[in-house]
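Student: Take this structure first; my questions come after.
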């Protein structure tokens with residue numbers, strides 16, 4: 001455990017190049033809900049004139065790990081209108097998935113979210129329920145670390161990272 005902590009919860013470094021579109025696999029669909037109760041499905045696929053890329057941060061248990069990836073991304077693309085950032089929190093615990101408790105949790109999250117607006121379309125969403133098959137498909141093996149995926153406008157995974165980001169792992173799209 002101390003070795004994982006020493007290396008930022010990494011067993012390998014992230015890719016340094018984007019996966020070619022022809023070889024990229026589709027990101028599996030997942031139902032999400034915004035703190036205001038609006039439901040959606042990710043990934044959102046755009047037409048050719050739409051968004052260039054979406055980044056999906058999957059904060060399993062560590063917000064610091066996700067922030068280490070999303071903050072540099074957010075800083076680099078904060079003025080872009082063609083990029084979206086989704087931070088998805090997966091809530092598997094059955095008690096929190098019960099409707100009355102889920103509504104209270106979403107209401108609390110709505111009150112605690114800041115109202116900052118900028119060009120980058122940053123969305124914090126939640127997914128409730130069992131995510132075993134979703135995690136299995138994405139090879140999310142460790143529930144204690146954060147994951148980030150870069151998707152193209154067709155919902156294909158072009159890059160992914162996990163654990164604490166290191167400077168040499170950042171890529172520019």
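Numbering (full-length UniProt numbering), first residue to last: 1 to 173. C-beta: ideal position from N, C-alpha, C; glycine also. No experiment lies behind these values; they were computed from the predicted model shown.
(1) Drop a sphere of 10 angstroms on the beta-carbon of residue 49, count the other beta-carbons inside from all chains shown, and report buried for 16 or more, exposed for fewer.
(2) Return the residue from the list 28, 39, 129, 24 that minimises the CA-CA distance to residue 95.
(3) Please check the pair residue 31 and residue 41, which I expect to be a contact at CB under 8 Å, by giving their CB distance rounded to whole angstroms.
(4) Residue 42 bridges to which residues according to DSSP?
(5) So, at 7 Å on beta carbons, what are the nonlocal neighbours of residue 97 in its own chain, with the 5 sequence-adjacent residues on each side left out?
(6) Give the range of the alpha helix (DSSP H) segment to which residue 135 is assigned.
(7) Kindly list the residues whose CB is nearer than 7 Å to the CB of residue 102, restricted to its own chain and excluding five residues on each side of it in sequence; keep chain order.
(8) Can you check which of these residues, 121, 108, 148, is closest to residue 81 by C-alpha distance?
(9) Just to confirm before moving on: does the CB-CB distance between residue 33 and residue 133 stay below 7 Å?
(10) Please name the residue in 143, 165, 151, 156 whose C-alpha comes closest to that of residue 85.
(11) Rounded to the nearest angstrom, how far is the Cβ of residue 159 from that of residue 19, given a contact under 8 Å?
(12) Looking at residue 124 and residue 87, is the spacing between their C-beta atoms short of 7 Å?
(13) With burial defined as no fewer than 16 other Cβ atoms inside 10 Å of the residue's Cβ, what is the status of residue 110: buried or exposed?
Tutor: The relevant details are as follows:
(1) Confidence at residue 49 is low in this model, with a pLDDT of 49, below 50, so the placement of that residue should be treated as unreliable; the coordinate-derived value is given next. Residue 49 counts as exposed, since fewer than 16 other beta carbons sit within 10 angstroms of its beta carbon.
(2) Closest by alpha carbon: 129.
(3) About 6 Å; that satisfies the 8 Å criterion.
(4) 30, per the DSSP bridge assignment.
(5) 91, 128, 129, listed in sequence order.
(6) From DSSP, the alpha helix (DSSP H) with residue 135 extends over 132 to 138.
(7) The answer, listed in chain order, is 96, 128.
(8) Scanning 121, 108, 148 for the CA closest to the CA of residue 81 turns up 121.
(9) The answer is no: Cβ separation not under 7 Å.
(10) Ranking 143, 165, 151, 156 by Cα distance to residue 85 puts 151 first.
(11) Distance from residue 159 to residue 19 at the Cβ level is roughly 6 Å; contact confirmed, criterion being Cβ atoms closer than 8 Å.
(12) For residue 87 and residue 124, yes; Cβs fall inside 7 Å.
(13) Residue 110 should be labelled exposed.
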